[in-house]
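Protein sequences appear in the order of chains A and B. Using our numbering, the first residue of the first sequence is number 23, and each one after it goes up by one. Using our numbering, the first residue of the second sequence is number -9, and each one after it goes up by one. Yeah, the Cβ is synthetic: ideal placement off N, Cα and C, and Gly gets one too. All of these numbers come straight from a predicted model, not from anything done at the bench. Shown next, in structure tokens, is the structure this report addresses.
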Amino acid sequence: QSALTQPPSVSGSPGQSVTISCTGTSSDVGSYNRVSWYQQPPGTAPKLMIYEVSNRPSGVPDRFSGSKSGNTASLTISGLQAEDEADYYCSSYTNSNTWVFGGGTKLTVL
Amino acid sequence: QVQLQQSGPGLVKPSQTLSLTCAISGDSVSSNSVGWHWIRQSPSRGLEWLGRTKYRSKWYNDYAVSVKSRITINPDTSKNQFSLQLNSVTPEDTAVYYCARGKQWALDFWGQGTLVTVSS
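Quick look at the structure:
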């Protein structure tokens, strides 16, 4: 199972919006609404930010939103804040009863 | 609140077996609505899903193809924990290993991570 494709880095100024893409195949992202997104500041464990494409766990700000079209899922962060600077990873359930992660995207808040 | 506490050695010799344990509080390893996963992270491989165990009237395991011949994940209902065993390790297995709870196709609670170095 190949990793999902994410851009290595994105950046934005405080208050702006950024979108991180996550491209898979018809065997994973395209098959199910089972995409999740994780935030990982340096030296910490990943934290769930979005599940089932667009649902936010309790406590995650509504500045974080998710969507999907075909084989590509997206995470949008609006009203960017300094505390959002971290690595972001997408993940998808696959038709082999496994999970696959993206390569990660480093978000820099300018 | 679910908490996962990992334990196990941080150094393993090549060709030996890597063994880690994840103790669960706030949930049950036998819950029939969640799964229990192992993931690892290294600079060269990024985040890599390794496998999971789940209970649905009986136990089921799913493993990543990349480690399927070497991995075992076992639940321990008496201690409410689950374990990872990875056989025949090489330096490429050096990584931070995480356990996590799976619910609604996502990983909502994670352990603290354990750096495992494979070296003689």
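Within this structure, are the beta carbons of residue i and residue j separated by less than 8 Å?
i               : j               : result
I42 (chain A)   : Q61 (chain A)   : no
L8 (chain B)    : V86 (chain B)   : no
G25 (chain B)   : G92 (chain B)   : yes
T11 (chain B)   : Q(-4) (chain B) : yes
T130 (chain A)  : N93 (chain A)   : no
P(-1) (chain B) : S110 (chain B)  : no
Return the chain-ordered list of same chain residues with a C-beta closer than 7 Å to the C-beta of residue i, the five sequence neighbours on each side being excluded.
i              : result
S68 (chain B)  : none
A108 (chain A) : Q61, Q62, P63, L129
P30 (chain A)  : T127, K128
Can you tell me where the beta strand (DSSP E) holding residue i begins and where it ends?
i             : result
T43 (chain B) : 36 to 45
A85 (chain B) : 85 to 93
K69 (chain A) : 69 to 72
T27 (chain A) : From DSSP, T27 (chain A) is part of no beta strand (DSSP E); its letter is neither H nor E.
By Cβ distance, which residues of its chain are closer than 6 Å to residue i, with the 5 residues on each side in sequence left out?
i             : result
N51 (chain B) : T43, I63
Compare the C-beta of residue i against all C-beta atoms of chain A and say whether one is closer than 8 Å.
i             : result
Q94 (chain B) : yes
G36 (chain B) : yes
State yes or no: is the beta carbon of residue i nearer than 8 Å to at least one beta carbon in chain E?
i             : result
A54 (chain B) : Included in the structure are the protein chains A and B, with no chain E among them.
Counting contacts by CB-CB distance shorter than 8 Å, is residue i in contact with chain B?
i              : result
S58 (chain A)  : yes
S36 (chain A)  : Correcting the residue identity first, residue 36 (chain A) is Pro in this sequence and not Ser. Judged by the 8 Å Cβ criterion, P36 (chain A) is not in contact with chain B.
T120 (chain A) : yes
Can you give me the Cβ contacts of residue i inside the same chain, cut-off strictly under 8 Å, excluding the 5 residues immediately before and after it?
i             : result
G37 (chain A) : G101, L102
- Task: Please determine if the stretch 40 to 57 of chain B and the stretch 75 to 83 of chain A are in contact, where contact requires at least 3 C-beta pairs separated by less than 8 Å.
- Result: no
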